[in-house]
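Peer 1: -6 is the number of the first residue of the sequence shown in this note's numbering; add one for each residue after it.
The C-beta atom is built at its ideal place from N, Cα and C for all residues, glycine as well.
Take this structure first; my questions come after.
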Amino acid sequence: MPPYTASETAIPHEHRAQINTGILALIRGGRQPGQTKVFQGYTGKGGLHGLVFGDFAGRHDYSAAKRALEQGQFFTPDWIVRLIADFLAPEPAETVIDPACGSGAFANHFPDNFTGGDIDRDSLDVARYLYSKATFHETDLRDPRHAGVYDYVVGNPPFALRWTAPACPMGNELHAASSEDVFLWKTRELAKPGGSVCFVCPEAWLRDDIIHAKAIKFIREHFVFAAEVLLPADAFKNAGVADFATKIILLRKLIPNEKPSDARPVVIDGKNLPPLEILKQWRDATPDYRQFRAGLKNLRGQLARDILRDQASRHDTPVQERYRFLNRLQNLSKFKDYKDEAKKILTIWEGREKEEERPEGEKNDSFYFQNCKPRASRRLKKALRQANHPQAAQPVIRVIRDKHGIRAKACNTAAQRLLSKHPLDWPNSSLHDNSIADWHLRQEQKALAETIARHNTKPSKNKNREPIKFERLNCDKIIARIQHDRQSLETPLKSERNPTGLDQATEFMENFYGKLAGKGIEIRGAQIQKLARAALKPCAWLAWEMGCGKSLAALAWTAFKHARVPENKPAFALITSSALAIELHWKPYLEHLEIPFIQPDSRETWKVLQNETNNPARLLLATHHQLAKHAKLIRDLGRRGLLRTAIIDESDEFASRAAARSRAAITALRKLKHRLLLTGTPTRNHASELFNQLTLLLHGQSFFRCIAPTVIKLDKKNDCFKTESNPDFHQPYSGRGGFALFKRAHAPSRPTVMGAQKNIPDTHCEAELVAFLDQIRSRLRLSEILDHTPCTHQVVNLTLSPAEQTAYDTLQKDIRDIARKNLKTLQNAALWGDRKNALLALAHALRMLQQAVSPAPEDDPNPTSKERAIIRLIREGGNSHTAVGTIWKKNVPRLAATLRHVFPDRTVIDFDGDDSFRQRAEKLRQLNAAPSAILVSTQQSCRSSLNIPIVSEIIAEALPWNFPALNQWAMRFCRFTSKKTVRVHMLVSIGTIEERILGLLMRKQKVNKPLAGDDFVSETDLLDEYGIESSPLLELARYLAGDAYITPSLLDRPNTTSRQLAA
């Protein structure tokens, strides 16, 4: 029986704080109150924050203050602790730990060998008073003092908190993880192999395969998921939470060489059952777990008896030696770099049951390391030697270089005391600063050596004091490396400075294009000059504007690279693009140029390529999907030297860091010697979309380093951003933390009330980033090739008809009610699943409101206001070929039918994206053949590498959410061989959501233009370029981006200076 019994009467909420304060005062005053009364009366901080919502600026500030006071602290009810204790039933010699123990609820039922830890000093004072035999530590859950020594890990971790835990594998890119994930991560270190983990958590945790994918994967790799016990919703009502679904998780840690299992846990629904019935069903449902625990106890008992039997020996016996060896290697296997090597050694160890099987002449454990890599063998031997024979720390001060810079490191306490008075620390930002003379580093190192020498000769009362040794750094070698890095960053491409090489590349390009003159190919001098410079770079990015001839330039670039390959070592070149571009552009284009190619469509075809060294077709075509699907086979071709070059067309499709296709593309192309990106719109929303494309292009290049001298960090206390010196300045981007570093340096983000990350709309260190991109980028605009402006933009403001305005206002009122409801859910929801559903509802509401501006009523034959505007613009354009683009698929048939009725003498072709490749090719042929034809399509269906230069008038019926998407569609109709100027008309309805979208487009475009290679542009110039004369649109963009607060009157202000078309 436990020493204390729980009270059946709940303490009134209004008296809890007073009782808690009184108990702590009695304990700390040494008055020794009744322990049973203390156990029953102390309830912790949960629900006692005492905050008033009206005192805070918003729900976010209120929730943050509430979490800071409560710390997610709601003590576990005694009946749940008793249920877990009765099920686990540990032996007296087995150890138990609760790393988030609070006031020690579990210690009440585990009196023997119990250890607890908590960050709350008040709760620990109560726990030490109640359980004097137990051990308690005041420590954070993220940093427990003990690891790998407990048979059982139990607890009730804080609910629904977000913590910073850089080493947690379940954390996001900003090193933030939920409190449940951090607790799970730490249980792996605290539990012995084969040990049990049992704790209380929210019922929604591990329910979503997407949100909790990392936690589910972590459990499968390190544990056996034995059972889930669902608890009643009012289980925590005595702690101030009347309705919150929770459950008990039971895990068993894997033992060495045990294979992970994907078996689902047993679920016991105890929501409507008494505790005894829950315990009975729990025991009956887990026979495998109880059988394993019984066998594990017998195994550990046998090992213990063997060790005690041989303790009389002076030296380690074989049993002792192997037992220690196994335990040390099990701890070492947590190091990722040597985990596989440690597993190999464990496998060898288990196969050697007799001491005489070890070959003669092998000392200690050398026999086990014979199959390891040399570096791993040295590292593991050193770690094992230090673990088995620990030595006292030596009094040494070393000057070392790590990823943060050069610093002095002390190896024991005496050296640390001396170093604290005379520190030596040179961050990377100082090392790479040209204004600092290199000899300063030598002088500081010399001064530290003299300080240590004076300390060693100074008289001391401690006669046993050892002199402190000093190990200096080779400054000449370090400085030479720094100078090399600095030079590679300033001019990473040495061959570009070689005039002879540039002349040879120019001559090659002229000859290449000259051979294709009979195919109707035209070329301009600007294209040859830009391409010749790009050809000298091992990896390049053709950021040419749409219509400048990127496809042919890519073929010329590839031919130049392969011309230098020996004839006895032929290699393939890979072209990857979207499926639409492969079928409608690349295949017809290569067939027209009579260039042979292969399009592997199966795994077997890719394997056959490894033996086809004499195939005359040296070009491979693959869609982005095929590239991801056959990534390993493509990587093998690159590793064997059979694939040397890759052309990544429409590389902006790989901008998403989280997409599996992006990761697979990096894996597939990382071994290739030459890579070329083709995109004129690398970013659509913010600078972080660049990183994946840069990784795809520059993986393995020495000059792919962080070039931002400062970074932006969020000051959570003051809720503001602050600029700090970058400790990783001039350091390479690592595989795990590279993206997070790039975001801090160029595209910082901040958490919102909705629990998501929102990117700041400006680019930090923009000048440095653009200068770095200029080293690898070749930028060419149509205006540099042509003697006239190729494309102009004009915003056409519309006024809705009275009937349309009434319908829009009615829908807007309903959607605003939906938005308010879901915003309230976002602010109050404790679980990500609820926030996700609210976010999806908000996104759907916004799309409904946007679609209401472009209605396509089936029962009304009369044209809408936008359709009347489109008809008027087509008439004003005369007999020119016209393209009308919408973002709504269902609007295409109605628009096409309306235009056929109004213009019966003109050919109207509709293009909605559902047509097959052959049907699309036939429609494009009809468009080119028909005079004054009209193309009606969705903007998404005409984006991928299609060339339709016959069109002169373009009408955007609706706006997408980023300008590059609109630009990619519009520039399909511009070519460097065109003799005319294409006019783009963007229809915007006044007083609707479209006005806000246009402002957001302009705000994003201000970020996108410099990153694509264009000049820096002011807000006024940007408005003039796109035909927008009203400055409030940019203010609306800031409002949508969260930069400033805009009054409601500004949202209702019409644009009266732009051209208006009456409905």
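Find the nearest neighbour of Arg633 within the set Ser655, Ser644, Lys600 and Ala652, judged by alpha-carbon distance.
Peer 2: Looking up residue 633 in the sequence shown gives position 640. It is Lys600 whose Cα lies nearest to the Cα of Arg633.
Peer 1: In chain order, which beta strand (DSSP E) runs of at least 3 residues are fully inside the stretch 170 to 219?
Peer 2: 184 to 195
Peer 1: For Gly871, does the three-state DSSP call read helix, strand or coil?
Peer 2: The residue you call residue 871 lines up with position 878 of the sequence shown. Gly871 falls in the coil class under three-state DSSP.
Peer 1: Tell me the DSSP secondary structure of Lys402 in three-state form.
Peer 2: Mapped onto the sequence shown, residue 402 falls at position 409. Strand, per DSSP.
Peer 1: Given a cut-off of 8 Å on the beta-carbon distance, is the pair Ala93 and Val146 in contact?
Peer 2: Along the sequence shown, read from residue 1 onward, the residue named residue 93 stands at position 100. Along the sequence shown, read from residue 1 onward, the residue named residue 146 stands at position 153. No, Cβ-Cβ distance for Ala93 and Val146 is not below 8 Å.
Peer 1: So what's Cys541 in DSSP terms, helix, strand or just coil?
Peer 2: Within the sequence shown, numbered from 1, the residue matching residue 541 stands at position 548. Reduced to three states, the DSSP call for Cys541 is coil.
Peer 1: Can you tell which of Gly263, His215 and Phe553 has its C-alpha closest to the C-alpha of Ile248?
Peer 2: Position 255 of the sequence shown, counted from the start, is the residue given in the question as residue 248. It is His215.
Peer 1: Can you check DSSP and say which residues form a bridge with Lys462?
Peer 2: Residue 462 sits at position 469 when you count from the first residue of the sequence shown. For Lys462, which the question treats as bridged, DSSP gives the partners Val389.
Peer 1: I'd like the list of long-range same chain contacts for Pro124, defined as Cβ closer than 6 Å, with 5 residues on each side in sequence excluded.
Peer 2: Here residue 124 refers to the residue found at position 131 of the sequence shown. Reading the sequence as shown, one finds Tyr at residue 124 and not Pro. Same-chain partners within the cutoff: Gly97 and Ala100.
Peer 1: Return the residue from the list Phe192, Ile867, Lys806 and Val392 that minimises the CA-CA distance to Arg75.
Peer 2: The residue you call residue 75 lines up with position 82 of the sequence shown. Among Phe192, Ile867, Lys806 and Val392, the Cα nearest to that of Arg75 is on Phe192.
Peer 1: Between which two residues does the alpha helix (DSSP H) holding Tyr582 run?
Peer 2: Sequence index remark: in the sequence shown, residue 582 carries index 589 (1-based). Looking at the DSSP string, the run of the alpha helix (DSSP H) that includes Tyr582 is Lys580 to Leu586.
Peer 1: According to the Cβ coordinates, are Gly878 and Thr931 closer than 8 Å?
Peer 2: On the sequence shown, residue 878 is found 885 positions in, with the first residue counted as 1. On the sequence shown, residue 931 is found 938 positions in, with the first residue counted as 1. Yes, the Cβ-Cβ distance between Gly878 and Thr931 is below 8 Å.
Peer 1: Which residues bound the alpha helix (DSSP H) around Pro452?
Peer 2: Walking along the sequence shown from the start, residue 452 turns up at place 459. The continuous stretches of alpha helix (DSSP H) do not include Pro452, and DSSP gives it neither H nor E.
Peer 1: Starting from the C-beta of Val259, find all residues in its chain whose C-beta is less than 8 Å away, skip the five residues before and the five after it, and write them out in chain order.
Peer 2: Mapped onto the sequence shown, residue 259 falls at position 266. Contacts found: Ala219, Ala220, Glu221, Ala278 and Thr279.
Peer 1: Would you be able to state if there are at least three C-beta pairs under 8 Å between the stretch 491 to 510 and the stretch 457 to 470?
Peer 2: Proximity of the stretch 457 to 470 to the stretch 491 to 510 falls short of the contact definition, fewer than three beta-carbon pairs being nearer than 8 Å.
Peer 1: Using the Cα positions of Asp105 and Lys126, report the straight-line distance between them to the nearest angstrom.
Peer 2: Looking up residue 105 in the sequence shown gives position 112. Looking up residue 126 in the sequence shown gives position 133. So the two alpha carbons sit approximately 8 Å from each other.
Peer 1: Along the chain, where does the alpha helix (DSSP H) containing His894 start, and where does it finish?
Peer 2: Working through the sequence shown from its first residue, we reach residue 894 at position 901. From DSSP, the alpha helix (DSSP H) with His894 extends over Asn884 to Val895.
Peer 1: Please name the residue, chosen from Ile112, Lys414 and Pro942, that lies closest to Thr132 on a Cα-to-Cα basis.
Peer 2: Sequence index remark: in the sequence shown, residue 132 carries index 139 (1-based). Selected option, being the one with the closest Cα: Ile112.
Peer 1: Name the residue from Leu779, Gln284 and Pro225 whose alpha carbon lies nearest to the alpha carbon of Leu266.
Peer 2: Here residue 266 refers to the residue found at position 273 when the sequence shown is read from its first residue. Comparing Cα positions, the closest option is Pro225.
Peer 1: Let me confirm a value: Thr799 is counted as buried when at least 16 other C-beta atoms fall within 10 Å, else exposed. Which label applies?
Peer 2: Taking the first residue of the sequence shown as position 1, residue 799 is located at position 806. With fewer than 16 other Cβ atoms within 10 Å, it is exposed.
Peer 1: Count the other CB atoms, across all protein chains shown, that sit within 10 Å of the CB of Trp72; report buried if there are 16 or more and exposed otherwise.
Peer 2: As a working mapping, residue 72 is identified with position 79 in the sequence shown. With fewer than 16 other CB atoms across the displayed protein chains lying within 10 angstroms of its CB, Trp72 is exposed.
Peer 1: With 16 as the cutoff for other CB atoms within 10 Å, does Lys543 come out buried or exposed?
Peer 2: Here residue 543 refers to the residue found at position 550 when the sequence shown is read from its first residue. Its Cβ being crowded by 16 or more others within 10 Å, Lys543 is buried.
Peer 1: Per DSSP, Lys622 is paired with what?
Peer 2: Your numbering for residue 622 matches position 629 in the sequence shown. According to DSSP, which records beta bridges pairwise, Lys622 is partnered with nothing at all.
Peer 1: Grouping DSSP H, G and I as helix and E and B as strand, with all else coil, what is Val312?
Peer 2: The count along the sequence shown starts at 1 and reaches residue 312 at position 319. Its pLDDT being 49, under 50, Val312 is placed unreliably in this model, and the value from its coordinates should be taken loosely. Three-state result, Val312: helix.
Peer 1: Taking the straight line between their C-alpha atoms, what separation do you get for Ile12 and Tyr35?
Peer 2: Within the sequence shown, the letter at position 19 stands for residue 12. Within the sequence shown, the letter at position 42 stands for residue 35. Roughly 7 Å separates the two Cα atoms.
Peer 1: Measure from the C-beta of Phe565 to each C-beta in chain D and report whether the shortest distance is under 8 Å.
Peer 2: Structure shown: chain D not included; a single protein chain is present.
Peer 1: Given Ala525, which residues of its chain have a CB within under 7 Å of its CB, disregarding the five upstream and five downstream residues?
Peer 2: Residue 525 sits at position 532 when you count from the first residue of the sequence shown. Answer for Ala525: Leu495, Ala498, Thr499 and Met502, listed in chain order.
Peer 1: Do Arg976 and Ile947 count as a contact pair if the criterion is CB distance below 8 Å?
Peer 2: As a working note, residue 947 is residue 954 in the sequence shown. As a working note, residue 976 is residue 983 in the sequence shown. Contact flag set, yes.
Peer 1: Alpha carbons only, please: which of Lys30, Asp802, Leu959 and Arg650 is nearest the one belonging to Gly984?
Peer 2: On the sequence shown, residue 984 is found 991 positions in, with the first residue counted as 1. Checked all of Lys30, Asp802, Leu959 and Arg650; the closest Cα to Gly984 is Asp802.
Peer 1: If we count the other Cβ atoms within 10 Å of its Cβ and call it buried at 16 or more, is Glu63 buried or exposed?
Peer 2: Walking along the sequence shown from the start, residue 63 turns up at place 70. At Glu63, the pLDDT of 45 sits below 50, so the modelled position is not reliable; the number obtained from the coordinates is stated separately. Its Cβ being crowded by 16 or more others within 10 Å, Glu63 is buried.
Peer 1: Which residues does DSSP list as the beta-bridge partners of Glu717?
Peer 2: Numbered from its first residue, the sequence shown carries residue 717 at position 724. DSSP output for Glu717 lists Val704 as bridge partner(s).
Peer 1: Roughly how far, in whole angstroms, is the beta-carbon of Ile1062 from the beta-carbon of Leu441, given that I think they are within contact range, below 8 Å?
Peer 2: Shown here, the chain extends from -6 to 1056; a query on residue 1062 therefore has no answer.
Peer 1: With burial defined as no fewer than 16 other Cβ atoms inside 10 Å of the residue's Cβ, what is the status of Ala624: buried or exposed?
Peer 2: Start at 1 with the first residue of the sequence shown, and residue 624 comes out as number 631. When all chains shown are included, Ala624 counts as buried.
Peer 1: Going by DSSP in three states, Glu605 sits in which element: helix, strand or coil?
Peer 2: The sequence position of residue 605 within the sequence shown is 612, counting from 1. In this structure, Glu605 counts as coil in the three-state DSSP scheme.
Peer 1: Count the other C-beta atoms from every protein chain shown that fall within 10 angstroms of the C-beta of Asn790, then say buried if there are 16 or more, exposed otherwise.
Peer 2: In the sequence shown, the residue the question calls residue 790 occupies position 797. The residue is buried, with at least 16 neighbouring Cβ atoms inside 10 Å.
Peer 1: Please classify Arg9 as buried or exposed, where buried requires at least 16 neighbouring CB atoms within 10 angstroms.
Peer 2: One-based indexing of the sequence shown puts residue 9 at position 16. That one is buried.
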